[in-house]
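Heads up: the structure comes next, in structure tokens.
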Amino acid sequence: MSILVLAEHHDGTLAGATAHVLAAAQQIANESGGAIDVLVAGEGVGDIAEAAAKLDGVNKVRVADNAAYAHLLAEPTAALISELAGDYTHLLAAASTNGKNVMPRVAALKDVAQLSEIIAVESADTFARPIYAGNAIATVQSEDALKVITVRTTGFDAVGEGGSAAIEAVDFVADNAQSTFLKEELAKSDRPELAAAKVVVSGGRGMGNGENFKLLDGIADKLGAAIGASRAAVDAGFVPNDMQVGQTGKIVAPDLYIAVGISGAIQHLAGMKDSKVIVAINKDEEAPIFQVADYGLVGDLFDVLPELESKL
Amino acid sequence: MKVLVAVKRVVDYNVKIRVKPDNSDVDLTNVKMAMNPFCEIAVEEAVRLKEKGVATEIVAVTVGPKAAQEQLRTALALGADRAIHVQTDERVESLGAAKALAKLVEEEQPGLVILGKQAIDTDNNQTGQMLAALTGLPQGTFASDVAIENDKLKVTREIDGGLQTLELTLPAIVTTDLRLNEPRYAKLPDIMKAKKKPMDVKSPEDLGVEVASRVKLLKVEPPADRKGGVKVSSVDELVDKLKNEAKVL
Ligand SMILES: Cc1cc2nc3c(=O)[nH]c(=O)nc-3n(C[C@H](O)[C@H](O)[C@H](O)COP(=O)(O)OP(=O)(O)OC[C@H]3O[C@@H](n4cnc5c(N)ncnc54)[C@H](O)[C@@H]3O)c2cc1C
Ligand SMILES: Nc1ncnc2c1ncn2[C@@H]1O[C@H](COP(=O)(O)O)[C@@H](O)[C@H]1O
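Right, here's the structure in full:
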């Protein structure tokens, strides 16, 4: 009974998500009593492997460092994980776009189901996961010998650092003549990552245009916040897609979430209603967002935001 | 090039579902059902490829109960040429659907298969990736742009940090994200015409696949209730509450 966790990494650094997935792995290990290995796949990922080796509870780090795994394209990465799967009862990854891209492919290669976005571990084969945009929580039991799982990171507190796991190279190189990486356009920001931020300030269609999102900058600066958005704001081209919070975007659960000019559609609530404190600023006092907000301020955001910035 | 489009019948996205009192599942009696929104985007993309002369035939497929033929008729009204219904009353999840779809890919030999990225009932986000594995084809998931150039597929994907562009060999599997296109509505004359378009009905046994889910649904519960709080009357009051009551500043 051992567990393999696929490390999440971006721009040459281990992503915080990995420590959350390890926490879920730890809970499974507590039930089933197995060791937890981490797989770092990519090109030039030596430093990432060292960082992963420091995380608590890791037995060993397996490193597949090869050009074949650059950008973690689904075809070679799934082939790699599938190749290693025989040593494990559970394969876990973050429910990131990477995890969601690769893990179902691995599951099908192994002819097993995949469990998406678990938020709680009931036992080694039973897990809770939200369905219908989080309007119901399903408890599901996998009858497969191998469990392939993606983990919603907001459901598990990150493990700490203090380990010193062994690092071991994986030689397997997957052939891939099917997919080629052409380019990536990544949004550059000095702000904290949306999924990891303690405070998130999000703007919706009410912001009017992309330029007006600058009104959120000063507030985000003062609060050390990440900036998010509703689908409508992304669709309208105000901000890039990676800022979308919701059922089909990013899931966040910060200490403080401030929704500005967002009506509160169920698809948006699905991505933020587990935040500790929710503030809504909206000029429509009937907006559904007020039904989940701890503090609602009815007003025009163009008046409220400058005043709020000055008073923080 | 033949394009296969997978559509799923799900609860309408505007409906706020309720859990059954016995916690066995969600209650879908008398609830409005519709085509999964991401499948609407998939159908639209196929139709656009046909309008551009890239696609020659569009085949819409679904795996599910008899009633799911409504969604196939919608796809036909939107521009699909024919439909295949794999009829079953089992609770089908992504792996089962992918297995049936893989058989149809084998039979139909499409150049491209388009699926939604996620069904808004189970929120699985798996079927396209699984179909790609089962057919041994490359995958372009969460697509916000697709183009076919020199017998290759160029696909731009919505990823966590922004956008990624890949080139895939054909045939390939694509799953749609929200920004791929804005689906059109079916027009009345097209809805009438769709009634006469061919629909083939098969059983999972005909295809030689097991579609029932191997994941047991033990119980379904409502999420932790979140009570609405208070309205504050000014920015000063808001800041004060955040500092002294919620203690998050
Ligand atoms: C398949 C599917 C998936 C989806 N996924 C997501 C998702 O992941 N995330 C998501 O967010 N949505 C998602 N949606 C969309 C969702 O249904 C809503 O359409 C969207 O969340 C609305 O965004 P909004 O609140 O910004 O816009 P609107 O609903 O238009 O609300 C704008 C709000 O701004 C307020 N406002 C306007 N001007 C001002 C002003 N000057 N001052 C103060 N307030 C003002 C208005 O009163 C209104 O409440 C999805 C939909 C579908 C069908
Ligand atoms: N039963 C089904 N029949 C046809 N297509 C399906 C079915 N289930 C899932 N799909 C396709 O796969 C997509 C993603 O679904 P899922 O991976 O289950 O969230 C959907 O948008 C459909 O395109």
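If you're matching them up, the sequences are chains P and A in order. Under our numbering, the first residue of the first sequence carries the number 1008, and numbering increases by one thereafter. Under our numbering, the first residue of the second sequence carries the number 982, and numbering increases by one thereafter. Where is the CB? At the ideal position from N, CA and C, for every residue including glycine. Given the structure is predicted, the values throughout are model-derived calculations rather than measurements.
Assuming I1035(P) is part of the alpha helix (DSSP H), what are its boundary residues? Your numbering for residue 1035(P) matches position 28 in the first sequence. For I1035(P), the enclosing alpha helix (DSSP H) starts and ends at A1024 to S1039.
Output, in chain order, the set of chain P residues within a Cβ distance shorter than 7 Å of P1119(A). Locating residue 1119(A) in the second sequence gives position 138, where the first residue counts as 1. Going along chain P in sequence order, the residues near P1119(A) (Cβ under 7 Å) are E1082, Q1185 and S1186.
So the alpha helix (DSSP H) F1134(P) belongs to, where does it begin and stop? Residue 1134(P) sits at position 127 when you count from the first residue of the first sequence. Bounds of any alpha helix (DSSP H) do not take in F1134(P); it lies within the beta strand (DSSP E) bounded by T1133 to I1138.
Taking contact to mean 3 or more Cβ pairs, one atom from each stretch, closer than 8 Å, check whether the region 1206 to 1224 of chain A and the region 1140 to 1157 of chain P are in contact. Counting Cβ pairs under 8 Å, fewer than three are found: no touch.
Apart from the five residues just before and just after L1046(P), which ones in its own chain have a Cβ nearer than 6 Å to its Cβ? To locate residue 1046(P), count along the first sequence from 1; it is residue 39. The beta carbon of L1046(P) is closer than 6 Å to those of L1011, L1013 and R1069 in its chain, skipping five residues each way along the sequence.
Looking only at its own chain, which residues have a Cβ that is under 6 Å from the Cβ of A1287(P), when we skip the five neighbours before and after it? Here residue 1287(P) refers to the residue found at position 280 of the first sequence. Beyond the five residues adjoining it in sequence on each side, A1287(P) comes within less than 6 Å, by CB distance, of A1266, I1296, F1297, A1300 and G1303 in the same chain, given in chain order.
Out of curiosity, what's the CA-to-CA distance linking I1088(P) and V1113(P)? Stepping through the first sequence from its first residue, residue 1088(P) is reached at position 81. Stepping through the first sequence from its first residue, residue 1113(P) is reached at position 106. When rounded, the separation of the alpha-carbon atoms in I1088(P) and V1113(P) is 7 Å.
What is the rounded straight-line gap between the Cα of I1273(P) and the Cα of D1182(P)? Against the first sequence, residue 1273(P) aligns to sequence position 266. Against the first sequence, residue 1182(P) aligns to sequence position 175. Note on geometry: alpha-carbon atoms of I1273(P) and D1182(P) lie some 43 Å from one another.
Closer than 9 Å, Cβ to any Cβ of chain A: which residues of the region 1125 to 1145 of chain P, in chain order? Within the region 1125 to 1145 of chain P, the residues whose Cβ lies closer than 9 Å to some Cβ of chain A are E1129, T1133, A1135, R1136, P1137, I1138, Y1139, A1140, G1141, N1142, A1143, I1144 and A1145, listed in chain order.
So T1103(A) contacts chain P; which residues on that side make the cut at Cβ distance below 7 Å? Taking the first residue of the second sequence as position 1, residue 1103(A) is located at position 122. I1138, listed in chain order.
For R1138(A), collect the residues of the same chain with a Cβ closer than 8 Å to its Cβ; drop the 5 residues on either side in sequence, then sort them by chain order. As a working note, residue 1138(A) is residue 157 in the second sequence. Here the set comprises G1121, T1122, F1123, A1124, S1125, L1144, Q1145, T1146, L1147 and D1158.
Contact with chain A by N1248(P), beta-carbon distance below 8 Å: Your numbering for residue 1248(P) matches position 241 in the first sequence. Cβ-Cβ to chain A under 8 Å: yes for N1248(P).
For the region 1222 to 1266 of chain P, list the beta strand (DSSP E) runs that are entirely contained and at least 3 residues long, ordered along the chain. Under the rule that a run must span 3 or more residues, the beta strand (DSSP E) segments found entirely inside the region 1222 to 1266 of chain P read 1233 to 1236.
Does the CB of L1093(A) have a neighbour CB from chain P at under 8 Å? As a working mapping, residue 1093(A) is identified with position 112 in the second sequence. The Cβ of L1093(A) sits no closer than 8 Å to any Cβ of chain P.
Terminal residues of the alpha helix (DSSP H) in which L1115(A) lies: Within the second sequence, residue 1115(A) is the residue found at index 134, counting from 1. Run containing L1115(A): T1108 to T1116, per the alpha helix (DSSP H) assignment.
Counting only Cβ-Cβ distances shorter than 7 Å, please list the residues of the region 1107 to 1119 of chain P near chain A, keeping chain order. Those residues of the region 1107 to 1119 of chain P that come within reach of chain A (Cβ to Cβ, closer than 7 Å) are K1107, N1108, P1111, R1112, A1114, A1115 and L1116.
The region 1089 to 1105 of chain P contacting the region 1078 to 1092 of chain A, beta-carbon criterion three pairs below 8 Å: The region 1089 to 1105 of chain P makes no contact with the region 1078 to 1092 of chain A; the number of CB pairs closer than 8 Å stays below 3.
Return the first residue and the last residue of the alpha helix (DSSP H) that S1282(P) is part of. In the first sequence, the residue the question calls residue 1282(P) occupies position 275. That residue, S1282(P), is in no alpha helix (DSSP H); it is neither H nor E in DSSP.
Contact with chain A by V1065(P), beta-carbon distance below 8 Å: Taking the first residue of the first sequence as 1, we reach residue 1065(P) at position 58. No - not a single Cβ of chain A is within 8 Å of the one on V1065(P).
Using a cut-off of 8 Å between C-beta atoms, extract the partners of K1211(A) located in chain P. In the second sequence, residue 1211(A) corresponds to position 230, counting from 1. Strictly speaking, residue 1211(A) in this sequence is Val, with Lys absent from that position. Contact note: V1211(A) reaches chain P through D1301, Y1302 and G1303, using a C-beta cutoff of 8 Å and chain order.
Give the single residue among L1079(P), L1080(P) and D1118(P) whose Cα lies nearest to the Cα of G1093(P). In the first sequence, residue 1093(P) corresponds to position 86, counting from 1. Measuring from the Cα of G1093(P), the nearest candidate turns out to be D1118(P).
Pick out the complete alpha helix (DSSP H) segments inside the region 1140 to 1186 of chain A, 4 residues or longer, and give them in chain order. Listed in chain order, they are 1169 to 1175.
Any residue whose CB is nearer than 5 Å to a heavy atom belonging to ligand 1, listed in chain order: Taking every residue with its beta carbon within less than 5 Å of a heavy atom belonging to ligand 1 gives, in chain order, G1211(P), R1212(P), G1213(P), S1237(P), R1238(P), A1239(P), G1253(P), Q1254(P), T1255(P), G1256(P), G1268(P), I1269(P), S1270(P), A1272(P), Q1274(P), H1275(P), N1289(P), K1290(P), D1291(P), A1294(P), D1307(P), L1308(P), Y994(A) and P1018(A).
Own chain residues within Cβ distance below 6 Å of T1116(A), not counting five before or after: In the second sequence, the residue the question calls residue 1116(A) occupies position 135. Correct list, in chain order: A1083 and V1086.
Could you have a look at F1019(A) and say whether DSSP puts it in helix, strand or coil? Translated into the one-based positions of the second sequence, residue 1019(A) becomes position 38. Helix, per DSSP.
Just to confirm, does N1105(A) get its C-beta within under 7 Å of one of the non-hydrogen atoms of ligand 2? On the second sequence, residue 1105(A) is found 124 positions in, with the first residue counted as 1. Yes, the Cβ of N1105(A) comes within 7 Å of a heavy atom of ligand 2.
So, using beta-carbon positions, are E1202(A) and N1004(A) closer together than 8 Å? Stepping through the second sequence from its first residue, residue 1202(A) is reached at position 221. Stepping through the second sequence from its first residue, residue 1004(A) is reached at position 23. It is a contact, given that the beta carbons lie within the stated cut-off.
Quick one, which residues of the region 1197 to 1209 of chain A are near chain P if we go by CB-CB under 9 Å, in chain order? Hits within the stretch, in order: K1197, L1198, L1199, K1200, V1201, E1202, P1203, P1204, A1205, R1207, K1208 and G1209.
With 8 Å as the threshold, decide whether the Cβ of F1297(P) is near any Cβ in chain A. The sequence position of residue 1297(P) within the first sequence is 290, counting from 1. With 8 Å as the cut-off, F1297(P) counts as an interface residue toward chain A.
Quick one: does the C-beta of V1262(A) sit closer than 7 Å to a heavy atom of ligand 2? Past the edges of chain A, shown from 982 to 1230, lies residue 1262(A), and the structure says nothing about it.
Under a three-way DSSP split, which group does T1122(A) fall into? As a first step, residue 1122(A) is located in the second sequence; it is residue number 141 there, counting from the start. In the displayed model, T1122(A) falls within a strand according to three-state DSSP.
A1058(A) lies in the alpha helix (DSSP H); which residues open and close that run? Along the second sequence, read from residue 1 onward, the residue named residue 1058(A) stands at position 77. Its alpha helix (DSSP H) spans residues Q1050 to L1059.
Proximity below 8 Å, CB of L1009(A) to CB of V1147(P): As a position in the second sequence, residue 1009(A) is number 28, starting the count at 1. As a position in the first sequence, residue 1147(P) is number 140, starting the count at 1. Going by C-beta atoms, L1009(A) is not nearer than 8 Å to V1147(P).
In the region 1091 to 1179 of chain P, which residue ranges form an unbroken alpha helix (DSSP H) of at least 4 residues, counting only runs that do not cross its ends? With a minimum length of 4 residues, the continuous alpha helix (DSSP H) runs that stay inside the region 1091 to 1179 of chain P are 1104 to 1116.
Ordered list of beta strand (DSSP E) runs contained in the region 1175 to 1208 of chain P, each at least 3 residues: If we require 3 residues or more, the beta strand (DSSP E) runs fully inside the region 1175 to 1208 of chain P come out as 1186 to 1193.
So which residues on chain A does H1017(P) lean against when the C-beta distance must stay under 8 Å? Translated into positions along the first sequence, residue 1017(P) becomes position 10. Close partners of H1017(P) in chain A (Cβ separation under 8 Å): D1141 and G1142.
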